[in-house]
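J.: The sequence shown maps to residues 1 to 121 in the UniProt record's numbering.
Even glycine gets a Cβ: it sits at the ideal position worked out from N, Cα and C.
On a predicted model such as this, the values are computed, not experimentally measured, just so you know.
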Amino acid sequence: MKQLTKAEEEIMQILWKLKKANVASIIEAMPEPKPAYNTVSTIVRILESKGFVDHKQKGKGYIYFPILEKETYSDQSMKQLMNNYFNGSFKSMVSFFMKKNDMSTDELESILKEINKNKES
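1) Does the count of Cβ pairs from the region 26 to 45 and the region 2 to 14 closer than 8 Å reach three?
2) Could you give the residue range of the beta strand (DSSP E) that holds GLN57?
3) Quick one: grab the DSSP three-state call for ALA21.
4) Once the 5 residues before and after LEU108 are set aside, which same chain residues still bring their CB inside 7 Å of it?
5) Indicate whether TYR64 and LEU15 have their beta-carbon atoms separated by less than 8 Å.
6) If you follow the beta strand (DSSP E) that ILE63 is part of, which residue opens it and which one closes it?
7) Which of helix, strand or coil does DSSP assign to LYS6?
8) Rank TYR37, MET103, LEU68, LYS2 by C-alpha distance to the C-alpha of LYS17 and give the top, closest one.
9) I'd like to know whether the C-beta of TYR73 is nearer than 8 Å to at least one C-beta of chain D.
10) From PHE86 to GLU120, what does the alpha carbon distance come to, in whole angstroms?
11) Is MET93 closer than 8 Å to MET82 when the C-beta atoms are compared?
12) What does the alpha-carbon distance come out to for the pair LYS2 and ASN22?
Below, the structure is given as C-alpha cells:
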C-alpha cells in the first residue's frame, strides 16, 4: 500500500468522516487558511490514482468517496511505523511511547486489559 503525504492524509481524514463529498465540501471541512480549489482537486485525483478514492459523476461535477477503509490504512501505517522505527518489535514501540509520554502504570494496565480483551474476541 502506498503511503500518503500529509496533505493527502488530511483529505482522506475528511472523506472518511464525510463518507462522500465534492471538492467544495472537502474544502469547507478544512481548517483555515483554506487551500485553493485546484489544489484540493489535484490531491483528490492523486488519491484516486493511488487507489484510495473513487468518484461518481453528479451533474457536471464529481462526488468522491473513499474505497479504502480508515482501519485498513491505520493498520498498515502502524505496521510500517513499527517495522521502520522499532525493527518490527511491538514491545520496543510501546516502551518508546511509554517513556515519551510519561505513561502511568494504571494507563499501561488499561492498555493491556484492552489488548487481552481484543485477543479473546
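T.: By the coordinates alone:
1) Two segments are said to touch when three or more pairs of C-beta atoms, one from each, lie closer than 8 Å; by this definition the region 26 to 45 touches the region 2 to 14.
2) Per DSSP, GLN57 is one residue of the beta strand (DSSP E) stretching across 53 to 58.
3) ALA21: strand per DSSP, three-state reduction.
4) Answer for LEU108: MET98, listed in chain order.
5) The Cβ atoms of TYR64 and LEU15 lie closer than 8 Å to each other.
6) First-last of the beta strand (DSSP E) with ILE63: 61 to 66.
7) LYS6 falls in the helix class under three-state DSSP.
8) Nearest of TYR37, MET103, LEU68, LYS2 to LYS17, Cα basis: LEU68.
9) This model lacks chain D altogether; it includes just one protein chain.
10) Distance between the alpha carbons of PHE86 and GLU120 is about 26 Å.
11) Yes; because the gap between Cβ atoms is below 8 Å, this pair is in contact.
12) Between LYS2 and ASN22, the C-alpha separation is close to 23 Å.
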